[in-house]
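Novice: Quick one: the structure is below, and I'll ask about it shortly.
Number of protein chains: 4
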Amino acid sequence: MPERAPSRGRPRDIDAGRRILIAARDLLLVDGYAALSIDEVADQAGVAKTTLYRRWPTKDHLIVAVVALMQDDVPILDTGDIRADLTDYLRQVADGLNTMRRAGLPESADDRSAGVVAEIAAAAARHADLGTLIRAVFARRNAMAIGLLASAARRGALRTDLDVAVLFDQLVGPLYYRILVTGEPVDHPYLDLIIDGALRGARPSHAHPA
Amino acid sequence: MPERAPSRGRPRDIDAGRRILIAARDLLLVDGYAALSIDEVADQAGVAKTTLYRRWPTKDHLIVAVVALMQDDVPILDTGDIRADLTDYLRQVADGLNTMRRAGLPESADDRSAGVVAEIAAAAARHADLGTLIRAVFARRNAMAIGLLASAARRGALRTDLDVAVLFDQLVGPLYYRILVTGEPVDHPYLDLIIDGALRGARPSHAHPA
Amino acid sequence: MPERAPSRGRPRDIDAGRRILIAARDLLLVDGYAALSIDEVADQAGVAKTTLYRRWPTKDHLIVAVVALMQDDVPILDTGDIRADLTDYLRQVADGLNTMRRAGLPESADDRSAGVVAEIAAAAARHADLGTLIRAVFARRNAMAIGLLASAARRGALRTDLDVAVLFDQLVGPLYYRILVTGEPVDHPYLDLIIDGALRGARPSHAHPA
Amino acid sequence: MPERAPSRGRPRDIDAGRRILIAARDLLLVDGYAALSIDEVADQAGVAKTTLYRRWPTKDHLIVAVVALMQDDVPILDTGDIRADLTDYLRQVADGLNTMRRAGLPESADDRSAGVVAEIAAAAARHADLGTLIRAVFARRNAMAIGLLASAARRGALRTDLDVAVLFDQLVGPLYYRILVTGEPVDHPYLDLIIDGALRGARPSHAHPA
DNA sequence: GATTAAACGAGACGGTACGTCGGGTCTTATT
DNA sequence: AATAAGACCCGACGTACCGTCTCGTTTAATC
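Chains as they are written, first to last, in the numbering used here: chain A, 2 to 211; chain B, 2 to 211; chain C, 2 to 211; chain D, 2 to 211.
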């Protein structure tokens, strides 16, 4: 186990990091990516810029941290009803994406911009470490969803002739594709279609062998 | 229709635009997005910044133009063998994405960055007009691919109980998802898996009713 | 003669430089060296920071330019009365120094600080080019004063057994010494003492041979 | 008188102050003023910044302390030969100044920067207490030199019609002037000229009345 | 051929934000 | 109570790049 290094010097202000993240998230969601400046975040958080930079060496790092924070606490249930569980999961994913997509925009309902989502992707693309980091975040969350599929496959609720990882990509991929590329809406009806498409050929979800 | 104003004054240098695009593309592919500054592009193209801005009002516009240029001439064939045609199409898409993903990087084969792809998405997200523009480019190309699916469906080579647009999303979405989000490789084996997944349940592609 | 290079590109705004210098001088004399920030100067001058930095690459460079500006237009007269002329000259020098010494200070009459004078010296010490520059400014002005002494020497109004350059140092050196080192006042009585000391042994200034 | 509080707690590390001064001096003389940051000094001295600030409240205070340290032990002799004594004294002053002027510079013999000397003056100008302090140091040393002149005057080795304080300024002032302002060298020949200038009109130093 | 209108090269300009540096203060645990 | 360590606040610095502007110069089309 890792030996906890003896605390030397003044310890970091645990609250400062929290306040920074909150300020950044608020600015991001309210005013959008462009409006988010480091100085402003530091101001809002009541923190010196140096304190911020000590934790996140770059604006991109900060942004990604904010997003990672927003990915937490997404509970995934395995009720045995694979279709219901998937619907639930995809709705959570879509909600998160839609929230970020619309960050900083008024009420213009017809907007098709990828908004903050694209900026995050770009940020991760610019820094290798951020890529690894955010992929880890996603991997952790995805692992649970993939587990869902795997368990469904085990009980025969899915066709067994396919890789659950690929199946997962085909469930989630279209959402990102629409958000980031085509700009088409990602709403509940669309999610149902996606699930239909992915599960087709599967036996009925509630199939309990007699 | 817009009356073409009678040509007065010095005509635009037809070659300038071309040289700008080339310079931009080279910088983008060789040195990566970060190295591409407007001043640098103008320099490389041997052109004044004014000349550049007269054609593209924004750096983002220029970038998107470069990418649109790279999307040209993707022939799509309908041989009747839907699996083969899809494979062909997806490989072209994947090749384009992989090229952009690796722009500006040496030979570090293990790179998982989304590279330029993400920057394009971000650029499109920042300007509504660019979004529309690039979506039009994609739509045009996609229309052909969707036509492929539709004709296959008509001849019964696909299950008819699903929307070909959704099916298309499930074919292409995963590619973008991997490129932009998970960073996983998008290679030929993966494409085969995707196609398998999407076509499963379909009758054999060459199914000729006895 | 130097061929005037053909003007290419937008010419520099002659007024901008002037406004910057004025703003800098005002800030310097009113608020003192510490209060003078580049951002503030640019603001006051109604100019972008880049415009300022295009002219003076460093805060130190700007400050020195300000001082050089203040050294202009110091008329030196040669009336034939060497004592009177010297008095006049030294008073001008002393006035300039005393003004800079007191820059940014209220009315605390007992102040002995070298104030801005020392900061200038330090700035010149930090950058070789500034040293050369400011020495050139001083040399130009000093040349006139030394000319004064030389002409007096020629007409026999001074002892001829000494180097006028050294004599000059002994006139001016004490002023700087007091300002920069001992902090003692440099007022009119002191100037008279200095001149007395330097001219002692000389024949009466108005000595016109019969 | 201030009651010395009974010693409680850990006593001050007597060596720390010494190590700090040495580190500061070394940095100053070797790398120049710019390279001297408080953090660096503390590092080099193997001391925490708190320890340093407990002794000197400001970087400027530390610098001045370093210089004061270097001014120690300048013996002044009164041999009765005023010219010889003055020469000796001025050489010591000049040596000190030249050492500081060249601090942090390689072997570029043609350098005319005032170097650290100007920084000291600036430091003293920024803090009233430092001004007083350093003036006291100088005053103590100068008093001896002025005593030299006074005793020479008493024995009639100097003209009596002038203030020895002013005479002193005219001896020392030029050195500082050259160092801080004109950048000209302050070498032995120059010192001789200065002394000649100041003593001219005086009777020969060894003049023993017949 | 003179005029004219727009494109062009060059580079200054306004503006905004970034990330860095250094000074000096504070908070822990340790001595 | 001093120390080591290092986090913290603050303020300014100099840089980078964007997109605009202002010159003087060139290039056709028009008069």
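All C-beta atoms, glycine included, are put in the ideal place defined by N, C-alpha and C.
This one's a predicted model, so the numbers in the text were calculated from it and none came from an experiment.
1) Would DSSP call residue 195 of chain B helix, strand or coil?
2) With H, G and I counted as helix, E and B as strand and the rest as coil, what does DSSP make of residue 41 of chain B?
3) What runs of the alpha helix (DSSP H), each 4 residues or longer, lie entirely inside the region 78-156 of chain A?
4) With DSSP run on the structure shown, which of helix, strand or coil describes residue 188 of chain B?
5) Taking a Cβ distance cut-off of 8 Å, strictly less, list which residues of the region 63-90 of chain A are near chain B, in chain order.
6) Measure the C-alpha to C-alpha separation of residue 9 of chain C and residue 37 of chain B and round it to an integer number of angstroms.
7) Does DSSP put residue 175 of chain C in a helix, in a strand, or in coil?
8) Using the Cβ count rule (16 or more neighbours within 10 Å means buried), how would you classify residue 63 of chain C?
9) Could you tell me which chain C residues have their CB closer than 7 Å to the CB of residue 173 of chain D, listed as they occur along the chain?
10) Residues of chain C with CB under 8 Å from residue 195 of chain D, in chain order?
11) Give a yes or no on contact between the region 130-138 of chain B and the region 150-164 of chain B, applying the rule of three or more CB pairs nearer than 8 Å.
12) State yes or no: is the beta carbon of residue 182 of chain B nearer than 9 Å to at least one beta carbon in chain A?
13) Contact criterion: CB-CB distance below 9 Å. Does residue 136 of chain D meet it with respect to chain C?
14) Under DSSP, the alpha helix (DSSP H) around residue 31 of chain C begins and ends at which residues?
15) Could you pull out every residue in the same chain whose Cβ sits closer than 6 Å to the Cβ of residue 45 of chain C, ignoring the five residues on either side in sequence?
16) Tell me whether residue 56 of chain A sits in a helix, a strand or coil according to DSSP, three-state version.
17) Under 6 Å Cβ to Cβ from residue 175 of chain D, same chain only, skipping five residues before and after it: list those, please.
18) In chain C, which residues lie with their C-beta within 7 Å of the C-beta of residue 198 of chain D?
19) Would you tell me roughly how many angstroms separate the C-alpha atoms of residue 54 of chain B and residue 60 of chain B, rounded to the nearest one?
20) Determine the direct distance from the alpha carbon of residue 51 of chain C to that of residue 57 of chain C, and round the result to whole angstroms.
21) Rounded to whole angstroms, what is the Cα-Cα separation between residue 207 of chain B and residue 84 of chain B?
22) Just tell me which of C/182, C/112, C/144, C/66 has its CA closest to the CA of residue 79 of chain C.
23) Does the CB of residue 112 of chain D have a neighbour CB from chain C at under 9 Å?
24) Starting from the C-beta of residue 77 of chain A, find all residues in its chain whose C-beta is less than 7 Å away, skip the five residues before and the five after it, and write them out in chain order.
25) Between the C-alpha atoms of residue 32 of chain D and residue 139 of chain A, what's the straight-line distance to the nearest angstrom?
26) So which residues on chain B does residue 116 of chain A lean against when the C-beta distance must stay under 8 Å?
27) According to the Cβ coordinates, are residue 158 of chain B and residue 65 of chain B closer than 9 Å?
28) On a CA-only basis, which of C/47, C/94, C/40, C/118 is nearest residue 105 of chain C? Give me that one, please.
29) Near residue 49 of chain A, what residues of its chain come up, given a Cβ to Cβ distance below 7 Å and the 5 sequence neighbours on each side ignored?
30) Please classify residue 158 of chain B: does DSSP put it in a helix, a strand, or coil?
31) Please list, in chain order, the chain B residues whose beta carbon lies closer than 7 Å to that of residue 132 of chain A.
32) Run through chain B and tell me which residues come within less than 7 Å of residue 144 of chain A, C-beta to C-beta.
33) Residue 129 of chain D CB to nearest chain C CB: under 9 Å?
34) Which chain A residues sit within Cβ distance under 8 Å of residue 120 of chain B?
35) Hey, how far is the Cα of residue 173 of chain B from the Cα of residue 18 of chain B?
36) Helix, strand or coil for residue 49 of chain A per DSSP?
Specialist: Let me spell this out:
1) Along the second sequence, one-based indexing puts residue 195 of chain B at 194. The DSSP-derived three-state label of residue 195 of chain B is helix.
2) Sequence index remark: in the second sequence, residue 41 of chain B carries index 40 (1-based). Here residue 41 of chain B sits in helix by DSSP.
3) Counting whole runs of 4 or more residues, the region 78-156 of chain A contains the alpha helix (DSSP H) stretches 83-102, 116-127, 129-155.
4) Indexing the second sequence from 1 puts residue 188 of chain B at position 187. In the three-state scheme derived from DSSP, where H, G and I count as helix and E and B as strand, residue 188 of chain B is classed as coil.
5) Listed by position, the residues of the region 63-90 of chain A near chain B (Cβ gap below 8 Å) amount to none.
6) In the third sequence, the residue the question calls residue 9 of chain C occupies position 8. In the second sequence, the residue the question calls residue 37 of chain B occupies position 36. Roughly 26 Å separates the two Cα atoms.
7) Taking the third sequence and counting its residues from 1, the one referred to as residue 175 of chain C is at position 174. DSSP, reduced to helix, strand and coil, places residue 175 of chain C within a helical segment of the structure shown.
8) Along the third sequence, read from residue 1 onward, the residue named residue 63 of chain C stands at position 62. With 16 or more Cβ atoms within 10 Å of its Cβ, residue 63 of chain C is classed as buried.
9) For the purposes of this step, residue 173 of chain D is taken as the residue at position 172 of the fourth sequence. At a C-beta separation below 7 Å, residue 173 of chain D has these neighbours in chain C: 178.
10) Stepping through the fourth sequence from its first residue, residue 195 of chain D is reached at position 194. Near residue 195 of chain D (Cβ distances below 8 Å), the residues of chain C are 167, 170, 171.
11) The region 130-138 of chain B vs the region 150-164 of chain B: no contact.
12) Here residue 182 of chain B is taken as the residue at index 181 of the second sequence, counted from 1. Yes, because at least one Cβ of chain A sits closer than 9 Å to the Cβ of residue 182 of chain B.
13) Mapped onto the fourth sequence, residue 136 of chain D falls at position 135. At least one chain C Cβ lies under 9 Å of residue 136 of chain D.
14) As a working note, residue 31 of chain C is residue 30 in the third sequence. Looking at the DSSP string, the run of the alpha helix (DSSP H) that includes residue 31 of chain C is 15-32.
15) Here residue 45 of chain C refers to the residue found at position 44 when the third sequence is read from its first residue. 24, listed in sequence order.
16) Position 55 of the first sequence holds residue 56 of chain A. Note: residue 56 of chain A maps to helix in three-state DSSP.
17) Along the fourth sequence, one-based indexing puts residue 175 of chain D at 174. 195.
18) Along the fourth sequence, read from residue 1 onward, the residue named residue 198 of chain D stands at position 197. Among the residues of chain C, those whose CB is under 7 Å from the CB of residue 198 of chain D are 163, 167, 168, 171, following chain order.
19) Walking along the second sequence from the start, residue 54 of chain B turns up at place 53. Walking along the second sequence from the start, residue 60 of chain B turns up at place 59. So the two alpha carbons sit approximately 9 Å from each other.
20) Mapped onto the third sequence, residue 57 of chain C falls at position 56. Mapped onto the third sequence, residue 51 of chain C falls at position 50. Just so you know, the alpha carbons of residue 57 of chain C and residue 51 of chain C end up roughly 10 Å apart.
21) Against the second sequence, residue 207 of chain B aligns to sequence position 206. Against the second sequence, residue 84 of chain B aligns to sequence position 83. Because residue 207 of chain B carries a pLDDT of 44, less than 50, the predicted location of this residue cannot be relied on, and the following value inherits that uncertainty. Distance from the CA atom of residue 207 of chain B to the CA atom of residue 84 of chain B, rounded to whole angstroms, is 9 Å.
22) For the purposes of this step, residue 79 of chain C is taken as residue 78 along the third sequence, with counting starting at 1. The candidate whose alpha carbon is nearest that of residue 79 of chain C is C/144.
23) Stepping through the fourth sequence from its first residue, residue 112 of chain D is reached at position 111. Yes, its Cβ sits closer than 9 Å to a Cβ of chain C.
24) Position 76 of the first sequence holds residue 77 of chain A. When the five nearest sequence neighbours on each side are left out, the beta carbons in the same chain lying within less than 7 Å of the beta carbon of residue 77 of chain A are those of 90, 145, 146, 149, in order along the chain.
25) Working through the fourth sequence from its first residue, we reach residue 32 of chain D at position 31. Working through the first sequence from its first residue, we reach residue 139 of chain A at position 138. Their backbone Cα atoms lie some 50 Å apart in a straight line.
26) The residue labelled residue 116 of chain A in the question sits at position 115 within the first sequence. From the beta-carbon of residue 116 of chain A, the residues of chain B found nearer than 8 Å are 126.
27) One-based indexing of the second sequence puts residue 158 of chain B at position 157. One-based indexing of the second sequence puts residue 65 of chain B at position 64. No, they are not a contact pair.
28) As a working note, residue 105 of chain C is residue 104 in the third sequence. The option with the nearest alpha carbon to residue 105 of chain C is C/118.
29) Position 48 of the first sequence holds residue 49 of chain A. These residues qualify, in order along the chain: 43.
30) Position 157 of the second sequence holds residue 158 of chain B. Secondary structure at residue 158 of chain B: coil, using DSSP grouped into helix, strand and coil.
31) Counted from its first residue, the first sequence places residue 132 of chain A at position 131. Near residue 132 of chain A (Cβ distances below 7 Å), the residues of chain B are 113, 114, 184.
32) What you label residue 144 of chain A is simply residue 143 of the first sequence in a count that begins at 1. Those do not exist, as residue 144 of chain A stays about 12 Å from chain B at its closest Cβ, beyond 7 Å.
33) Within the fourth sequence, residue 129 of chain D is the residue found at index 128, counting from 1. Yes, because at least one Cβ of chain C sits closer than 9 Å to the Cβ of residue 129 of chain D.
34) One-based indexing of the second sequence puts residue 120 of chain B at position 119. Correct list: 123, 126.
35) Residue 173 of chain B sits at position 172 when you count from the first residue of the second sequence. Residue 18 of chain B sits at position 17 when you count from the first residue of the second sequence. Distance between the alpha carbons of residue 173 of chain B and residue 18 of chain B is about 32 Å.
36) If you number the first sequence from 1, residue 49 of chain A lands on position 48. Three-state DSSP puts residue 49 of chain A in coil, outside helix and strand.
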